[in-house]
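Residue numbers (our numbering), protein chains in the order written: chain A, 1 to 149; chain B, 1001 to 1505.
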């Protein structure tokens, strides 16, 4: 059994069922007067059918486990990157662009196993140069945050 | 004559200092991005899209177009020197290009790739000029049923031509259509799938989705790899192919150009498909079949020409029909809409500066790329040596800046990260993302035309079959779906036969 396809199929089936329910609430209407949920309903039915087909075809495929996808790869880096990016999104309005970007780059360059002085200098340079290019030259309006810059 | 006058007008736009500057920036960045393995033109266009919002419409599309065909050029450098494709359409170049480099012929390989791309890009631009007006005239006769049928054909083609599982490609298409429904329904005014969040009332931004799925998703996927590619240490002393190289390459270049241009026009076609087709054709036609896979210059010349011609050909349906045939054109489509320009049959009439300016800039861009590519190869080799632990943080920061700058919204950053994670997981589970993004962009058009058609016909689906263009197009859709489904049925039937004893069949 191909557990990867099985897992993907189950996930998409759940999504399809959820969207079928929501499209019903929106109003499917009729063929002569399609409602707001008409196309959503049709596509979720298609997705549901395809998910069942994927689950069915996965049963007789060669065995592949989901856990193997994360064997012999540096998945902690990915997890750390995602957490750092989400924290960046939440903290940006509070800390401001310069400080937030500096801290983000410290995290990323630390993972890259550079020396501490290199990490701090590179993070500062990256944040500062990007600030000059995007805020000052291209006029992107970043939040100023606690530093007021 | 009228076309010639329009072309001269286009050159008057394309040769403005501002336009020249943005062609240069686009082609330079495109080549750089094409050289870097992992980050393809789709991610680059997604990430740079918000930057272009501050530019004029013409400059914006000129820069993005330069980025697109520049990336086709740049991808060949990595394929030849590192045996890792800079982007998907350079996969085939790895086969013979890298072998040529090992044999000490990296220079001629890179040279023929550059010259072939230049010739193909130039001829394809002529094709774009010749096809644009007649196709626009045909498109004027399109109504809602015809548009619905052509869009459905485009979505079907993309899934049919997907390299992986057709079922998964169709599922990605359905997911893309669902995501396109998020926001306020234009006909009824009802909020759909917004979960009460005001920020979703305008829907999901194509730029944020693109940056997340292709930019962040690709970086996350590459970050977890534990080994990096090695740049081949070889001396590159001459770039000009000799007379024998030219004699062997001319046919493949011309055939690749024609194949690439027409496959670029087809919805769902594009550079990747055309390069594989070109390689297959050249191998079949060659009198030296045994050299393919061992450093045949034809195996570089044909595919590299095809991918550049395809990149140009893809502009034909976008600019004339208003239907993007592939993912990058979807992003260009989004860029045009954001600038208040609706691509389609009226584009030539209402915005001739945009249309002819972009077309003329392609001539200029092809010349710039030839000048940039060959002398700057030593620079691109140095860029290839930049390790991922320096590059990936910079790319992620650029993604964050790009997403934030669209609406100055922290919510967009969260959406970007979510789609980045989605893109990463999709790659892990072998789902192609091109059908999802194409469906996302075409979804609103598909729905509007479907609902309008059904309103016109008072609910009767026969409207799609009573009009010749939509009937033929939908017939093609059915044929494609049946040919995709046929192998699955045969497989199921054979399984049933092998599982059932003979006397019970």
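Ideal Cβ positions, reconstructed from N, Cα and C, are used throughout, including at glycine.
Small disclaimer: the values here were computed from a predicted structure and weren't measured.
request  = Decide if residue 21 of chain A is buried, meaning its Cβ has at least 16 other Cβ atoms within 10 Å, or exposed.
outcome  = exposed
query = Do the segment 1454-1467 of chain B and the segment 104-121 of chain A touch if we need at least three Cβ pairs shorter than 8 Å?
reply = Under the 8 Å Cβ criterion, the segment 1454-1467 of chain B does not count as touching the segment 104-121 of chain A, having fewer than three qualifying pairs.
query = Rounded C-beta distance between residue 1348 of chain B and residue 1019 of chain B? I'm assuming under 8 Å.
reply = With 8 Å as the limit, residue 1348 of chain B and residue 1019 of chain B do not qualify as a contact, their Cβ atoms being about 18 Å apart.
query = Under the three-state reduction of DSSP, which class applies to residue 1017 of chain B: helix, strand or coil?
reply = helix
message = Going by beta-carbon coordinates alone, are residue 1165 of chain B and residue 1430 of chain B separated by less than 8 Å?
response = yes
request  = Count the other C-beta atoms from every protein chain shown that fall within 10 angstroms of the C-beta of residue 1062 of chain B, then say buried if there are 16 or more, exposed otherwise.
outcome  = buried
message = Tell me which residues of the segment 20-34 of chain A have at least one Cβ-Cβ distance to chain B shorter than 8 Å, keeping chain order.
response = Flagged, chain order: 22, 26, 27, 30, 31, 32, 33 and 34.
message = Here's the rule I'm using: 16 or more other beta-carbon atoms within 10 Å means buried, otherwise exposed. How should residue 1503 of chain B be labelled?
response = With a pLDDT of 46 at residue 1503 of chain B, under the threshold of 50, the predicted position of this residue should be treated as unreliable, though the coordinate-derived value follows. The residue is exposed, with fewer than 16 neighbouring Cβ atoms inside 10 Å.
inquiry  = According to DSSP, is residue 1412 of chain B part of a helix, a strand, or is it coil?
reply    = helix
request  = In angstroms with no decimal places, state the Cα-to-Cα distance between residue 1032 of chain B and residue 1372 of chain B.
outcome  = Going from the Cα of residue 1032 of chain B to the Cα of residue 1372 of chain B covers about 11 Å.
request  = Decide if residue 1253 of chain B is buried, meaning its Cβ has at least 16 other Cβ atoms within 10 Å, or exposed.
outcome  = buried
key: Cutoff 8 Å; reference residue 1241 of chain B; Cβ partners in own chain excluding five residues on either side   = 1108, 1111, 1112, 1115, 1249 and 1297
query = If you measure from the beta carbon of residue 128 of chain A to each beta carbon in chain B, is any gap under 8 Å?
reply = no
Contact set between residue 1394 of chain B and chain A, taken where Cβ atoms lie within less than 8 Å = 126
query = What are the boundary residues of the alpha helix (DSSP H) that residue 1398 of chain B is part of?
reply = Segment 1388-1407, the alpha helix (DSSP H) holding residue 1398 of chain B.
ask   = From residue 1118 of chain B to residue 125 of chain A, what does the alpha carbon distance come to, in whole angstroms?
value = 38 Å
task = Have a look at residue 103 of chain A and residue 132 of chain A and give me their C-alpha separation to the nearest angstrom.
result = Each residue's Cα considered, the two are about 17 Å apart.
request  = Determine the direct distance from the alpha carbon of residue 1438 of chain B to that of residue 1336 of chain B, and round the result to whole angstroms.
outcome  = 16 Å
query = So which residues of chain A does residue 1051 of chain B contact, with C-beta pairs closer than 8 Å?
reply = The contacting residues are 138.
query = So residue 95 of chain A packs on residue 148 of chain A, CB below 8 Å; how close in whole Å?
reply = About 11 Å separates the two Cβ atoms, so there is no contact after all.
ask   = Quick one: does residue 41 of chain A have its CB under 8 Å from some CB of chain B?
value = no
key: Three-way DSSP call (helix, strand, coil) for residue 3 of chain A in this model   = Helix, per DSSP.
ask   = Short check: CB of residue 1145 of chain B to CB of residue 1460 of chain B, under 8 Å?
value = no
key: For residue 78 of chain A and residue 1424 of chain B, believed in contact at Cβ under 8 Å, the rounded distance   = About 7 Å separates the Cβ atoms of residue 1424 of chain B and residue 78 of chain A, confirming a contact at the 8 Å cut-off.
key: Cβ-based neighbour list, residue 1042 of chain B, same chain, cut-off 6 Å, excluding 5 preceding and 5 following   = Cβ-Cβ distances below 6 Å link residue 1042 of chain B to 1214, 1327 and 1328 in the same chain, with the five nearest sequence neighbours on each side left out; the list follows chain order.
task = If I'm right that residue 1010 of chain B touches residue 1360 of chain B with Cβ under 8 Å, what's the distance once you round it to whole angstroms?
result = That belief holds up - the Cβ atoms of residue 1010 of chain B and residue 1360 of chain B are roughly 3 Å apart, short of 8 Å.
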